[in-house]
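From first to last, the protein sequence lines are chains H and A.
The opening residue of the first sequence carries number 2 in the numbering used here; numbering runs sequentially from there.
The opening residue of the second sequence carries number 1363 in the numbering used here; numbering runs sequentially from there.
No residue lacks a Cβ here, since even glycine has one placed at the ideal position from N, Cα and C.
Owing to the predicted nature of the structure, the values given are computational and were not obtained by experimental measurement.
Input: a single structure, listed below in structure tokens.
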Amino acid sequence: DQQVKQNSPSLSVQEGRISILNCDYTNSMFDYFLWYKKYPAEGPTFLISISSIKDKNEDGRFTVFLNKSAKHLSLHIVPSQPGDSAVYFCAASAGAGSYQLTFGKGTKLSVIP
Amino acid sequence: ETGVTQTPRHLVMGMTNKKSLKCEQHLGHNAMYWYKQSAKKPLELMFVYNFKEQTENNSVPSRFSPECPNSSHLFLHLHTLQPEDSALYLCASSHLSGGVAGELFFGEGSRLTVL
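Given below as structure tokens:
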């Protein structure tokens, strides 16, 4: 049973518009969440994280929102750029200190020029 | 030097072969990980090493044998694999102190095909 779900395998967005990538989790012990970005032929790279004590974390064009009651988080990218085209993985852990990350299957984002 | 390097990038092997994947990190981290990424599946944690000590083995079959001679190097020894073991194997490292882990830094992966 998947504990971290990314239900959209792919997403296409026009350049300049907002990209919203969604992630749901089932394990109520998860309290630290991360987004990783992966280009083809490269390893995933860390993008942004959020602790459960917050409901929003912003870093430049990237904002992660956390809704604990709904066990849902989302990554907003605005404005979207063609270079953002990649696979985005949501990951969660039980504690910022835990090295056990549970990953979603990923969402492939395509930003159309 | 990139942070985490993996060799080889691509490997094709028969079911009776013995091969090894190598990972090296140049980030001064003390924890290293092997992850497996199969098609249409999430990244799966296989092994974790903290200061060369294996701290996690997620029920991985014995045909996968990790080795961590020091905190900068990690190997995954492969023998008598099955075709379903074909996947992308990702190495990662992080700083781990008192049970607090930093973000993971991944290598580019080794694409394994078992014939």
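Neighbourhood of residue 3 of chain H in chain A, by CB distance below 9 Å: 1404, in chain order. When the Cα atoms are used, residue 53 of chain H and residue 1378 of chain A turn out to be separated by approximately 47 Å. DSSP places residue 1447 of chain A in the helix class (H, G or I) of the three-state scheme. Per the DSSP secondary-structure output, residue 1375 of chain A pairs in a beta bridge with A:1476. Distance between residue 1388 of chain A and residue 1365 of chain A, taken at the CA atoms: about 5 Å.
Within chain H, no C-beta atom comes less than 9 Å from the C-beta of residue 1474 of chain A; the nearest is roughly 15 Å away. Around residue 90 of chain H, the beta-carbon contacts reaching into chain A at under 9 Å are 1404, 1405.
Residue 1454 of chain A is not a Cβ neighbour of residue 1411 of chain A, given a cutoff of 7 Å. Contacts with chain A (Cβ-Cβ distance below 9 Å) from the segment 16-46 of chain H involve 35, 37, 39, 42, 43, 44, 45, 46, listed in chain order.
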